[in-house]
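What follows is a short report on a single structure.
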Amino acid sequence: MIIAHQLTKTFKDKKRGEIRAVDQVSFRAEPGRIYGLLGANGAGKTTTLRMLATLLQPTAGSATVAGFDVARESAQVRANVGFLAASTALYGRLTAREMITYFGQLNGLAAPEIKARLKRLSAELDMDEFLDRRCDKFSTGMKQKTSIARTLIHDPAVMIFDEPTLGLDVMTARAIVRFVRECRDRGKTVIYSTHVMSEVEKLCDTVGIIHNGRLCAEGTLAELRARHGEQDLEEIFVKIVGAEDKK
Amino acid sequence: MNWHNIVTVYLKELKDSLRDRRTLMSTIIIPTLVMPLLTFGIGKVMATVISRAQEEIPAVAILGGADSPGVVAAFKQSPKVHVVATPTDWKQAISDKKLRAALELPAGFEAGLRAGAAPAVHVYNYDGELKSDMAARTVEKFLTDLREQTVGARLSERGLPKTMARPFEFTRENVAPPEKVGGNLFGGFVPYLIIILCFSGAMYPAMDLTAGEKERGTMETLLCSPVARVDIVLGKFFMVLTGSLSAMCFMLLSMGTTAAVGGSLMMSGGGAPVKAGAKAARAAVEVMPTIDPLGLVGVLAMVLPVAVLFAAVAFTVSLFAKSYKEAQSYLAPMMIVVIMPAVVGMLPGIDLNARLALVPLLNLSLVCKEMLSGVWHWNYIALIFGSSCVYAAVALALAVQMFKREDVIFRA
């Protein structure tokens, strides 16, 4: 479960002064459901997710992830989160096995447990062939599989995906989408940020549209379609963002 | 602080760094090769060049001297010079290195000597050119001998003893113990090398583990783990410190091995040791064992907080950078800042005092020089060790604080 309440993040910029990257964002993501955060580049998606993953401290507001407060219990939050983003890369000089084992150790797992989980993940993700090869020699697909195994090694209750298909080919992107669905089916709380409308339509149970750091609209796809009298998500998005810009 | 996590991060960074060519170069390969290269490479080349110059019988021309046949004949008979016909443009010939030097005897030189006049003789050479300088010195030696002979002859003509012109003799003798002589010779040089290698050993792991990770996107991956940031900093910091200390240890090991192997090779006459090279090697071998081993242990102890300081500073500066290249552009000029106090410490006449004992790096350079010479000023040693520890602790605290700053970690 993720509960964000009036979550705000401001940055100071020498030229532009104070920037409100995220402005009083509130939402709730439930276990066994996928919450999609839809927004253009620079809308505040990554900053919101980084606050939920405790990589950034909120300037104001609060959030709990898996029952832990992101500001006061950051280590417990991270222990219950699997964070996968285009910006979370692999150690090129380590093998996939070493990489996954390292993150198992960092999550406080014992060696036999890591071994057993690695064996299971490797079988599930079909990684046996390249498990002992160095990550810098991997194809994009191999890298994504290793990253997925890295996020799952500690079996987190919450999965955060920040534009995970960015720059990937169709086949790899499909594999990621399938994996996200599997996470939901296993009862995990999933939050998925993207600017790709088709991914939202395919995956998300609830959608939050974020623009200029503010959550402008929220609801299931059916609710959004009914509210805005449009079937096409792109049209709905443009309407909402346009109305927000006029304010 | 969780030591299990710190060790986990450290061991991963160690494994990662051992697979990084740049880190291996700066922490193991260069420190190991620097002494053999200096001794066997540059040292041997220099010794060969000097020896060849010494072996060469220089071509020297005589200007004038037609009315001084005795002096000219004596000069021509000297086995150390090869008198050649004077070229028309003899100055150009010296500049072109075809002629090493020229001796100009004034008109009526011999007659002047007999009459008791003081005729002026000129020696022409190419200043700064090794072979020409050596030729000029050979000519000057001939002239000095000739002057002494003339003085001797004049004194005996007047029935006066030779001591009239040379009333006393003197000699010079070293009374300092060998370890002090060795310490003085190596005392300035060893800390200088240690300081440079300690810093360069810290530089590459620091850049790779901070700016490098940011650039490759692995920093964010690491920060997603539940490990506290202070544990991550310390794990990474210990790796940078390992790089710094290993550079120093490999350099010292290499230095000892080079002295032992080089010495035995030269002493046994292996290969074709040239005279000057052998002499230099013998001198080095004679000096090396005389370095006080206790002094070397003292140097290692004093270097420890400085290595911590280097590791923390390199870590903090690199952490601020967005990319490996940016980190390089910050750290490379810092090398000059690091070298300056070490160079000042090597200068003769600068002695350790309470004020200098508080100047980082310069204090290390000066105290190492003393310790290697067997001089132990315990009050200064305590002051330097204490102040270095304080500087190192401040730098480390700064590194931890920097790592906690979002605007540094996510600097775009």
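Top to bottom, those sequences are chains U and V.
Numbering (my numbering) for the first sequence: 1 to 247.
Numbering (my numbering) for the second sequence: 248 to 659.
For every residue, glycine included, the Cβ atom is placed at its ideal position computed from N, Cα and C.
Per-residue contacts from residue i into chain V (C-beta, under 7 Å)
{"i": "Gln105 (chain U)", "result": "Thr255"}
{"i": "Tyr102 (chain U)", "result": "Lys259"}
{"i": "Phe83 (chain U)", "result": "Cys471"}
{"i": "Ala75 (chain U)", "result": "Pro473, Ala475"}
Paired residues, beta bridge with residue i - DSSP
{"i": "Tyr638 (chain V)", "result": "DSSP, once it has assigned bridges, lists no residue as partnering Tyr638 (chain V)."}
{"i": "Arg214 (chain U)", "result": "U:His211"}
{"i": "Leu350 (chain V)", "result": "V:Ile309, V:Val370"}
{"i": "Ile2 (chain U)", "result": "U:Ala29, U:Val65"}
{"i": "Ser293 (chain U)", "result": "Residue 293 (chain U) is absent from the structure shown; chain U starts at 1 and stops at 247."}
{"i": "Ala287 (chain U)", "result": "In this structure chain U extends from 1 to 247, so residue 287 (chain U) is not present and cannot be described."}
{"i": "Gly17 (chain U)", "result": "U:Asp13"}
{"i": "Val252 (chain U)", "result": "With chain U represented from 1 up to 247, any question about residue 252 (chain U) goes unanswered, as that position is not in the structure."}
Closer than 9 Å at the beta carbon, the chain U residues around residue i
{"i": "Arg463 (chain V)", "result": "Ala89, Leu90, Tyr91, Gly92"}
{"i": "Asn252 (chain V)", "result": "Gln105, Leu106, Gly108"}
{"i": "Glu617 (chain V)", "result": "None at all; the shortest Cβ gap to chain U is about 43 Å."}
{"i": "Glu573 (chain V)", "result": "Correct list: empty, because the minimum Cβ distance to chain U is about 18 Å."}
As assigned by DSSP and simplified to three states, the class of residue i
{"i": "Phe11 (chain U)", "result": "strand"}
{"i": "Met535 (chain V)", "result": "In this prediction, Met535 (chain V) has a pLDDT of 47, which is less than 50 and means its spatial position is unreliable; what the coordinates show is noted afterwards. Three-state DSSP puts Met535 (chain V) in a helix."}
{"i": "Gly524 (chain V)", "result": "Caution applies to Gly524 (chain V), whose pLDDT of 49 falls short of 50 and renders its modelled position unreliable; the value that the coordinates give is listed next. Reduced to three states, the DSSP call for Gly524 (chain V) is helix."}
{"i": "Phe161 (chain U)", "result": "strand"}
{"i": "Ala519 (chain V)", "result": "Reliability fails at Ala519 (chain V), whose pLDDT of 45 lies under 50, so the model's placement of it is uncertain and the value that follows must be treated cautiously. Here Ala519 (chain V) sits in coil by DSSP."}
{"i": "Pro424 (chain V)", "result": "coil"}
{"i": "Val331 (chain V)", "result": "strand"}
{"i": "Asp392 (chain V)", "result": "helix"}
{"i": "Ser472 (chain V)", "result": "coil"}
{"i": "Phe138 (chain U)", "result": "coil"}
{"i": "Thr95 (chain U)", "result": "strand"}
{"i": "Phe83 (chain U)", "result": "strand"}
{"i": "Thr206 (chain U)", "result": "strand"}
{"i": "Glu182 (chain U)", "result": "helix"}
{"i": "Arg269 (chain V)", "result": "helix"}
{"i": "Val673 (chain V)", "result": "Absent from the model: residue 673 (chain V). The displayed extent of chain V is 248 to 659, so no value can be given."}
{"i": "Gly406 (chain V)", "result": "coil"}
{"i": "Gly219 (chain U)", "result": "strand"}
{"i": "Arg72 (chain U)", "result": "coil"}
{"i": "Thr54 (chain U)", "result": "coil"}
{"i": "Trp337 (chain V)", "result": "helix"}
{"i": "Ser447 (chain V)", "result": "helix"}
{"i": "His624 (chain V)", "result": "coil"}
{"i": "Asp478 (chain V)", "result": "helix"}
{"i": "Gly648 (chain V)", "result": "With the sequence shown as reference, residue 648 (chain V) is identified as Gln, and Gly is not the correct amino acid for it. Gln648 (chain V): helix per DSSP, three-state reduction."}
{"i": "Gln575 (chain V)", "result": "helix"}
{"i": "His154 (chain U)", "result": "coil"}
Contacts that residue i makes with chain U (C-beta to C-beta distance below 8 Å)
{"i": "Val655 (chain V)", "result": "Simply none; closest approach about 12 Å."}
{"i": "Glu303 (chain V)", "result": "Within 8 Å Cβ-Cβ: nothing; Glu303 (chain V) doesn't reach chain U, min ~54 Å."}
{"i": "Asp263 (chain V)", "result": "Tyr91, Arg93, Leu94"}
{"i": "Glu420 (chain V)", "result": "What Glu420 (chain V) touches in chain U: nothing, since even the nearest Cβ is about 60 Å away."}
8 Å Cβ cut-off: residues of chain V touching residue i
{"i": "Arg16 (chain U)", "result": "Within chain V, no residue comes near Arg16 (chain U); the closest Cβ sits about 14 Å away, beyond 8 Å."}
{"i": "Leu56 (chain U)", "result": "Glu653, Phe657"}
{"i": "Ala53 (chain U)", "result": "Cys471"}
Neighbour list for residue i in chain V, Cβ cutoff strictly below 9 Å
{"i": "Arg78 (chain U)", "result": "Leu470, Cys471, Ser472, Pro473, Val474"}
Neighbouring residues, chain U, relative to residue i (Cβ below 7 Å)
{"i": "Arg266 (chain V)", "result": "Arg93"}
{"i": "Glu376 (chain V)", "result": "Those do not exist, as Glu376 (chain V) stays about 52 Å from chain U at its closest Cβ, beyond 7 Å."}
Supposed contact pair residue j and residue i - C-beta distance, whole angstroms, cut 8 Å
{"i": "Thr457 (chain V)", "j": "Phe562 (chain V)", "result": "6 Å"}
{"i": "Val200 (chain U)", "j": "Leu38 (chain U)", "result": "5 Å"}
{"i": "Lys569 (chain V)", "j": "Arg658 (chain V)", "result": "6 Å"}
{"i": "Cys445 (chain V)", "j": "Ala554 (chain V)", "result": "5 Å"}
{"i": "Ser491 (chain V)", "j": "Gly545 (chain V)", "result": "Ser491 (chain V) to Gly545 (chain V), Cβ: 19 Å. No contact."}
{"i": "Leu254 (chain U)", "j": "Arg134 (chain U)", "result": "Chain U is shown only over 1 to 247; residue 254 (chain U) falls outside these bounds and no answer can be derived."}
{"i": "Ile442 (chain V)", "j": "Val585 (chain V)", "result": "6 Å"}
{"i": "Ala66 (chain U)", "j": "Val158 (chain U)", "result": "5 Å"}
Residue-chain proximity (residue i, chain A), Cβ-Cβ < 9 Å
{"i": "Phe11 (chain U)", "result": "No chain A is present in this structure, whose protein chains are U and V."}
Any non-hydrogen atom of the ligand NAP within 8 Å of residue i CB
{"i": "Asp136 (chain U)", "result": "For the ligand NAP, the structure offers nothing, since it holds no ligand at all."}
Inter-stretch contact at 8 Å, needing at least 3 Cβ pairs: the region 610-617 of chain V / the region 446-454 of chain V: no
Stretch pair the region 175-189 of chain U + the region 139-148 of chain U: three plus CB contacts closer than 8 Å: yes
Three-pair Cβ contact test at 8 Å for the region 72-79 of chain U versus the region 467-476 of chain V: yes
contact_flag[the region 290-300 of chain V, the region 257-272 of chain V] where n(CB pairs < 8 Å) is 3 or more: no
Three-pair Cβ contact test at 8 Å for the region 305-323 of chain V versus the region 345-353 of chain V: yes
Cβ contact (3+ pairs, closer than 8 Å) linking the region 217-237 of chain U and the region 49-62 of chain U: no
Cβ contact (3+ pairs, closer than 8 Å) linking the region 618-625 of chain V and the region 575-595 of chain V: no
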